[in-house]
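The block underneath contains the structure these notes are about, expressed in structure tokens.
Residue numbers (this note's numbering): 34 to 156.
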């Protein structure tokens with residue numbers, strides 16, 4: 034059985050990732066990113082998942098996704114609990130995982146036509 038995922042031509046699809054990079058629509062980025070299906074990809078000014086704060090994720094809140102996938106880098110780590118509570122209080126679900134898993138999860142949710150965003154630290 035062959036599976037294929039269909040995306041809108043305007044969707045921002047994660048087409049690759051590896052040590053020190055994330056690729057969106059075949060464009061390689063070597064910075065932490067905020068990724069949205071239908072908006073320009075933005076640099077995420079954040080050094081670690083523990084330093085992620087409300088200011089660094091305000092663009093996510095303004096987009097109003099149903100879910101944000103937080104990629105914690107090469108290894109899984111939790112962000113501050115207050116940050117997760119703040120996202121929830123603003124109506125945004127939050128799933129935290131390492132960035133490789135976050136990239137894959139974002140693409141699956143995108144293929145399901147969900148209103149999703151990703152905040153990704155480089156793997």
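Where a beta carbon is used, it is the ideal one built from N, C-alpha and C, also for glycine.
Since this is a predicted model, take the numbers as computed values, not measurements.
Sequence-distant residues of the same chain with beta carbon closer than 6 Å to residue 49, five excluded per side: So the list reads 56, once near-sequence residues are dropped.
If we ignore side chains and look at the alpha-carbon of each, how far apart do residue 60 and residue 71 end up? 16 Å
With a threshold of 16 other CB atoms inside 10 Å of the CB of residue 74, please say whether the residue is buried or exposed. When all chains shown are included, residue 74 counts as buried.
Please report the distance separating the alpha-carbon of residue 53 from that of residue 134. The C-alpha of residue 53 lies about 15 Å from the C-alpha of residue 134.
Chain-order list of residues whose beta-carbon lies under 7 Å from that of residue 37 (same chain, five-residue window excluded): Reliability of the predicted coordinates at residue 37 is poor, the pLDDT of 43 falling under 50, and no value is obtained from them.
Roughly how many whole angstroms lie between the Cα atoms of residue 107 and residue 79? 15 Å
Burial state of residue 141 (16 or more Cβ within 10 Å): exposed
In this structure, does DSSP put residue 115 in helix, strand or coil? For residue 115, the three-state secondary structure derived from DSSP is helix.
Evaluate contact between the stretch 115-132 and the stretch 93-103, counting only Cβ atoms and requiring at least three cross-stretch pairs below 8 Å. yes
Member of 44, 148 and 115 whose CA lies at the smallest distance from the CA of residue 101: Distance from the Cα of residue 101 is smallest, within the candidate group 44, 148 and 115, for 148.
At what residues does the alpha helix (DSSP H) containing residue 125 begin and finish? Segment: none, residue 125 is in no alpha helix (DSSP H) and carries neither H nor E.
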